[in-house]
Amino acid sequence: MANFKYDLFNKMIEEFALNEVKPYAAEVDEKEEFPYYTVEKMAKLGLMGIIVPKQYGGMGGDYKMYIKAVEELAKYCATTSVILSAHESLCVAPIMEYGTEEQKQKYLPKLASGEWLGAFGLTEPNAGTDANNQTTVAVPNENGDYVLNGSKIFITNAGPAHVYFITAVVGRNPKGVECASFIVESDMPGFSVGKKEKKMGIRGSSTCELIFQNCVVPAGNLVGKPGEGFKLAMKALDGGRIGIAAQALGIAEGALRETIAYTKERKQFKRSISAFQNTQFVLADLKTKIEAARGLVEKAVDAKQAKSRDISLYAAMAKLFCAETAMEVTTKAVQLHGGYGYTREYPVERMMRDAKITEIYEGTSEVQRMVISGVILK
Amino acid sequence: MKIAVCIKQVPKTTEIRIDPVTNTLIRDGIPSIINPDDKSALEVALRIKEQTGAEIHVVCMGPGQAEIALREALAMGADEAYLVTDRAFAGSDTLATSTIIADALKYVGFDYIIAGRQAIDGDTAQVGPQIAEHLGIPQITYCADFNYDKQNNVFKVKRQLEDRYQILSVAGPALFTVLSSSITPRYMNVADIIAQDDKELHILTYADLQCNTEHIGLKGSPTKVKSTFTKQYNSDKQLVDTTPEEAARIIAELLKAKHII
């Protein structure tokens, strides 16, 4: 069998990101507008269902391609990349991996085609890093369906999304809460989308509160068993963290590329600033860190594709290192741009704001350190 | 309906090196792409496929590395791909090339042939029309727009000429050449990118085509390249530092003096 698919996929996504995403990145940020039109174009090319098997209406691709797509989009527009990452890692993947046959038949084709956008709801006002402190409850009613009450915050894709992979409390034990995972559709009675956050970065991405007021979710929408919800959410986040690592890597690469071009053009003291050793050494360090970060992403992708037990460890290390690299690269990119870098005339200012979230969402850098140390000290 | 599309793999940059001994192109080390006009030809064919269900067969003559260009065509939605390759074809000029491709197209079969207007490495615009001549079919060059008229089974095409355009109704068999400026090719899509790995690339060699050896390769190529060089632009510059109004007056006078305005 021939093996051209990765080369061709890379070529396609590079061209798509350059021609269809880059031109709108500044505007999406400035106007804080969800890029519906771009997501539509991505759906048309099959990007919303890369990892979904063909039998469920997907493309039959793999994690390596999907992660490459997130990275490439993030080089120009972090907003666009997180829309894909939240959809595919946190909603499509857990339904694909843990859903019943019926759930897969019902949800995957429309998620894969992009007709429905997916989202994930775990975080609550008082349950962030302390995710065990959940208060959104799911109580069975007389029909065996579940009635959800409570709220979730900081939910990526909330609003535009139709399908939400939600964690809710179904019981308590001496250690804490027992959770379950549910597929909730936006038109289910009692479900609503609340306040939209005004953010520092990824401003075109829709981040909102979800409100459940006696929201009736059919019994058939329970994913896994009651009590498994927390585990499923953590497994989804393992995959999600590779997506965020790739996003951070893309942001860093984008910022470095802009900075290389700028320092060659910008003249001070009658020389390009790239002729100064300070510039050269900073750029050399940034490039080295970016390539090291790429190595960790590749390792995490390999672990995911091999369904390795090391996935949590490598996903956490990849996300931690890529996020901190993105923050360092973008900060230094702004510094090398000088005063111009601080203006919105140049994209590095946006990239620095966008990079910050990668150290926070889907587990802060501190959470990643907890995961990593937890594994190595076991 | 079966549409054959002719594509060529060309170097990405315009920096073309020539072998000083054979006077042919050296392709090693330069990134390669599908020639832009040919990619638009493929786009035209894929739009016709969407409208009519036509089968799209893509033909490319070149060395083994041209496979990636054909794979890209499959990933855009083409149905079958043929690489026309043989040592015996090496050194062919446009006449010999069109002879070989015409033989390949007879082998592949077609109702219509669509090709790009010209390749960015040679810029001759000869191969498409020569193929039509070898096959004895009508040629419609410089096409900018296509519409299929199902009722009459003809194509309504718009030919873009320098100062006008023509609208023609064309019944097959016929060969069209396409301009890239008016037809933007689609991206490859994920499903076809994955599916192409399972598709066989058809290889057509001298043994398959049985071309007349007198008419192919260096022997069948009457074109002899005498010399090649990069054009130098040594126009006389005249710098005038003045106000915008004065500058406009000076420019207008110069243009008048040269009878440009």
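These protein sequence lines are chains P and D, in that order.
When the letters of the first sequence are read in order and numbered with this note's numbering, they come out as residues 5 to 382.
When the letters of the second sequence are read in order and numbered with this note's numbering, they come out as residues 406 to 666.
Think of the CB as a built atom: it goes at the ideal place given N, C-alpha and C, for glycine as much as any other residue.
Here the structure is a predicted model, which is why all the values come from computation and not from measurement.
* Do A123/P and L152/P come within 9 Å of each other at the CB atom, strictly closer than that value? -> Residue 152/P sits at position 148 when you count from the first residue of the first sequence. Residue 123/P sits at position 119 when you count from the first residue of the first sequence. Not a contact, by the Cβ cut-off of 9 Å.
* To do: Ignore the nearest five residues each way along the sequence and tell me which others in D484/D's own chain have a CB closer than 6 Å to its CB.
  => Translated into the one-based positions of the second sequence, residue 484/D becomes position 79. These residues qualify, in order along the chain: E460 and I461.
* If you count every other CB in all the chains shown that lies within 10 Å of the CB of M204/P, and 16 or more means buried, which is it? -> Counted from its first residue, the first sequence places residue 204/P at position 200. Its Cβ having fewer than 16 others within 10 Å, M204/P is exposed.
* If we cut at 9 Å on Cβ distances, does Q470/D have a partner in chain P? -> Position 65 of the second sequence, counted from the start, is the residue given in the question as residue 470/D. No, Q470/D does not count as interfacial toward chain P.
* Starting from the C-beta of P534/D, find all residues in its chain whose C-beta is less than 6 Å away, skip the five residues before and the five after it, and write them out in chain order. => In the second sequence, counting from the first residue as 1, residue 534/D sits at position 129. Cβ neighbours of P534/D beyond the five flanking positions: Q544.
* Buried or exposed: where does Q615/D fall if 16 or more other Cβ atoms within 10 Å of its Cβ makes it buried? -> Along the second sequence, read from residue 1 onward, the residue named residue 615/D stands at position 210. Exposed is the label assigned to Q615/D, since fewer than 16 other Cβ atoms lie within 10 Å of its Cβ.
* Where I588/D falls, given that 16 or more other Cβ within 10 Å makes a residue buried -> On the second sequence, residue 588/D is found 183 positions in, with the first residue counted as 1. It is buried - the Cβ of I588/D has at least 16 other Cβ atoms within 10 Å.
* **Distance, I255/P Cα to R261/P Cα** => Taking the first residue of the first sequence as 1, we reach residue 261/P at position 257. Taking the first residue of the first sequence as 1, we reach residue 255/P at position 251. Rounded to whole angstroms, R261/P to I255/P spans 10 Å at the Cα level.
* Report the neighbours of D602/D on chain P: residues whose CB is nearer than 7 Å to its CB, in chain order. => If you number the second sequence from 1, residue 602/D lands on position 197. Within 7 Å Cβ-Cβ: M5, A6, N7, F8 and K9.
* Going by the beta-carbon positions, is the gap between L609/D and Y547/D smaller than 9 Å? -> Numbered from 1 along the second sequence, position 204 holds the residue referred to as residue 609/D. Numbered from 1 along the second sequence, position 142 holds the residue referred to as residue 547/D. Their beta carbons are not under 9 Å apart, which means L609/D does not touch Y547/D by this criterion.
* With 16 other CB atoms within 10 Å as the buried threshold, where does G118/P fall? -> Here the question's residue 118/P lines up with position 114 in the first sequence. So G118/P ends up on the buried side.
* Within 9 Å (strictly less), CB to CB, does G208/P reach chain D? -> The residue labelled residue 208/P in the question sits at position 204 within the first sequence. For G208/P, the answer is no, since every Cβ of chain D falls outside 9 Å of its Cβ.
* Asked: Under three-state DSSP, which class holds F195/P?
  -> On the first sequence, position 191 is the one that residue 195/P refers to. F195/P falls in the strand class under three-state DSSP.
* Any idea which residues DSSP pairs H462/D with across the strands? -> Numbered from 1 along the second sequence, position 57 holds the residue referred to as residue 462/D. Beta-bridge pairing links H462/D to A409/D and E485/D.
* Asked: For G50/P, which residues in chain D fall below 7 Å Cβ to Cβ?
  -> Walking along the first sequence from the start, residue 50/P turns up at place 46. Against G50/P, the close residues of chain D are N594, V595 and A596, in the order they occur along the chain (beta-carbon pairs closer than 7 Å).
* **Selected residue, minimal CA-CA separation from D508/D, among G496/D, A524/D, L488/D and G527/D** => Here residue 508/D corresponds to residue number 103 of the second sequence, with the count starting at 1. Nearest option by C-alpha distance: L488/D.
* Asked: Between T84/P and T42/P, is the Cβ-Cβ spacing less than 9 Å?
  -> By one-based count along the first sequence, residue 84/P stands at place 80. By one-based count along the first sequence, residue 42/P stands at place 38. Yes, the pair counts as a contact, with Cβ atoms nearer than the cut-off.
* With which residues is F581/D paired in a DSSP beta bridge? -> One-based indexing of the second sequence puts residue 581/D at position 176. Note: F581/D sits in a beta bridge opposite I519/D and I545/D.
* To do: For the segment 120 to 140 of chain P and the segment 192 to 208 of chain P, state whether three or more C-beta atom pairs, one from each stretch, are separated by less than 8 Å.
  => With the rule of 3 Cβ pairs closer than 8 Å, the segment 120 to 140 of chain P does not count as touching the segment 192 to 208 of chain P.
* Look up T171/P in the DSSP assignment and give the residues it is bridged to. => Position 167 of the first sequence, counted from the first residue, corresponds to residue 171/P. Bridge partners of T171/P: S185/P.
* To do: Name the two residues that bound the continuous beta strand (DSSP E) containing I159/P.
  => On the first sequence, position 155 is the one that residue 159/P refers to. Membership of I159/P in the beta strand (DSSP E) is indicated by the continuous run Y150 to T160.
* To do: Look at the Cβ atom of D491/D, then the Cβ atom of P416/D, and state whether they are nearer than 9 Å.
  => As a working mapping, residue 491/D is identified with position 86 in the second sequence. As a working mapping, residue 416/D is identified with position 11 in the second sequence. Not a contact, by the Cβ cut-off of 9 Å.
* Asked: To the nearest angstrom, how far is it from the Cα of A165/P to the Cα of E36/P?
  -> For the purposes of this step, residue 165/P is taken as the residue at position 161 of the first sequence. For the purposes of this step, residue 36/P is taken as the residue at position 32 of the first sequence. Between A165/P and E36/P, the C-alpha separation is close to 17 Å.
* According to the Cβ coordinates, are V463/D and A478/D closer than 9 Å? -> Along the second sequence, read from residue 1 onward, the residue named residue 463/D stands at position 58. Along the second sequence, read from residue 1 onward, the residue named residue 478/D stands at position 73. Result yes, Cβ atoms of V463/D and A478/D sit closer than 9 Å.
* Asked: Cβ of K15/P less than 9 Å from any chain C Cβ?
  -> Included in the structure are the protein chains P and D, with no chain C among them.
* Asked: From D597/D to E182/P, what distance separates their C-alpha atoms?
  -> As a working note, residue 597/D is residue 192 in the second sequence. As a working note, residue 182/P is residue 178 in the first sequence. So the two alpha carbons sit approximately 44 Å from each other.
* **Reduced DSSP secondary structure (H/G/I, E/B, other) of E213/P** => Here the question's residue 213/P lines up with position 209 in the first sequence. Strand.
* Out of curiosity, what's the CA-to-CA distance linking Q556/D and A579/D? -> Here residue 556/D is taken as the residue at index 151 of the second sequence, counted from 1. Here residue 579/D is taken as the residue at index 174 of the second sequence, counted from 1. Counting only the Cα atoms, A579/D lies some 18 Å from Q556/D.
* In chain D, which residues lie with their C-beta within 8 Å of the C-beta of I54/P? -> Taking the first sequence and counting its residues from 1, one reaches residue 54/P at position 50. Contact of I54/P with chain D by beta-carbon distance below 8 Å involves V595.
* What's the call for F273/P, buried or exposed, on a 16-neighbour Cβ count within 10 Å? -> Residue mapping note: residue 273/P aligns to position 269 of the first sequence, counting from 1. With fewer than 16 Cβ atoms within 10 Å of its Cβ, F273/P is classed as exposed.
* **Under 9 Å by beta carbon: chain D residues contacting G65/P** => Within the first sequence, numbered from 1, the residue matching residue 65/P stands at position 61. The answer, in chain order, is V595, A596, I598 and I599.
* To do: Spell out the partners DSSP gives G258/P in its beta bridges.
  => For the purposes of this step, residue 258/P is taken as the residue at position 254 of the first sequence. DSSP, once it has assigned bridges, lists no residue as partnering G258/P.
* To do: Could you tell me the boundaries of the beta strand (DSSP E) in which Q672/D lies?
  => Residue 672/D lies beyond the range of chain D shown here (406 to 666); nothing can be said about it.
* **Host alpha helix (DSSP H) of L609/D (start-end)** => By 1-based counting over the second sequence, the position of residue 609/D is 204. No alpha helix (DSSP H) holds L609/D; the beta strand (DSSP E) holding it covers H607 to L609.
* **Contacting residues, own chain, Cβ-Cβ under 6 Å from L424/P (five flanking each side not counted)** => Given that chain P is displayed from residue 5 to residue 382, the structure contains no residue 424/P and the question cannot be resolved.
* To do: Report back the beta-carbon spacing between T263/P and V352/P to the nearest angstrom; my notes put them in contact at under 8 Å.
  => Residue mapping note: residue 263/P aligns to position 259 of the first sequence, counting from 1. Residue mapping note: residue 352/P aligns to position 348 of the first sequence, counting from 1. 7 Å between Cβ atoms; contact.
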